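Comments concern the structure below.
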Amino acid sequence: MTTSSSRPIARELSVGEVAKRSGLAISAIHFYEAKGLITSRRNAGNQRRFHRDVLRRVAIIKVAQRTGIPLAEIRDALHTLPENKSPTLADWQRLSACWKHKLNERIERLSRLRDQLDHCIGCGCLSMDDCPLRNPRDTLSEQGPGPRLLDPD
Ligand code: FES
Numbered sequence: 312m313t314t315s316s317s318r319p320i321a322r323e324l325s326v327g328e329v330a331k332r333s334g335l336a337i338s339a340i341h342f343y344e345a346k347g348l349i350t351s352r353r354n355a356g357n358q359r360r361f362h363r364d365v366l367r368r369v370a371i372i373k374v375a376q377r378t379g380i381p382l383a384e385i386r387d388a389l390h391t392l393p394e395n396k397s398p399t400l401a402d403w404q405r406l407s408a409c410w411k412h413k414l415n416e417r418i419e420r421l422s423r424l425r426d427q428l429d430h431c432i433g434c435g436c437l438s439m440d441d442c443p444l445r446n447p448r449d450t451l452s453e454q455g456p457g458p459r460l461l462d463p464d
């Protein structure tokens, strides 16, 4: 691999290089490694060296965390990828397939929250103007606890 100035692209990166390219603090990279989300090896000088594909893993961790996905769920998904070689397209497709369902559920829940904040959510408070229409006398409580219209699961 070479850069535009044909300087060879390093296949392995130091923790500082990973932090710089990913936009994360070195402490965050150490944290992800300590939590088993990413791995490195030690070189002859006992320094950590990360395979370059760690940048893709770190990018996915960062975005997934921002959408509120718990670290343990992210780790479980990343553990479907091969350990000691760069994941192939098929590997990422497999991860994507097993995660797609959970992501769709999360998107649906976020959309409901976005769309229903100014409406009755069926929580039993009966404080909104449309509660009498959408949850007369809190009849939705018969379906179970919580905001039945916002989060029926
Ligand atoms: S918003 Fe709480 S019952 Fe309607």
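Each residue of the sequence shown is one higher than the one before, starting from 312 at the first, in our numbering. Think of the CB as a built atom: it goes at the ideal place given N, C-alpha and C, for glycine as much as any other residue. If you're wondering where the values come from, they're calculated on a predicted model, not measured in any experiment.
Counted within 10 angstroms of its Cβ, other Cβ atoms place residue i as buried (16 or more) or exposed
i, result
"Gly356", "exposed"
"Asn433", "Checking the sequence, you will find Gly at residue 433 rather than Asn. The residue in question, Gly433, is buried, as its Cβ has 16 or more Cβ neighbours within 10 Å."
"Ser351", "buried"
"Val374", "exposed"
"Ile349", "buried"
"Leu451", "buried"
"Asn446", "buried"
"Ile372", "buried"
"Ala388", "buried"
For residue j and residue i, believed in contact at Cβ under 8 Å, the rounded distance
i, j, result
"Ser338", "Ala370", "So it is not a contact: roughly 18 Å between Cβ atoms."
"Asp402", "Leu392", "5 Å"
"Ala321", "Arg367", "Not confirmed; about 15 Å, so no contact."
"Cys431", "Leu460", "6 Å"
"Ser488", "Arg360", "The question about residue 488 has no answer, for the chain in this structure spans 312 to 464."
Residue i, DSSP secondary structure in three states
i, result
"His362", "strand"
"Glu394", "coil"
"Pro443", "helix"
"Leu421", "helix"
"Asn324", "Inspection of the sequence shows that residue 324 is occupied by Leu rather than by Asn. In the structure shown, Leu324 sits in a strand (DSSP, three-state: E or B)."
"Arg459", "coil"
"Arg377", "helix"
"Arg318", "coil"
Nearest candidate by alpha-carbon position, reference residue i, set the options
i, options, result
"His390", "Gly379, Val374, Ser407 and Pro319", "Ser407"
"Val365", "Ile380, Arg377, Cys409 and Glu323", "Glu323"
"Gly347", "Ser317, Glu328 and Glu384", "Glu384"
Residue i - containing alpha helix (DSSP H), residue span
i, result
"Ser338", "Ile337 to Ala345"
"Ala388", "Leu382 to Leu389"
Short CB-CB distance (under 8 Å) between residue i and chain D
i, result
"Arg448", "In summary, chain D is missing from the structure at hand, where a single protein chain is found."
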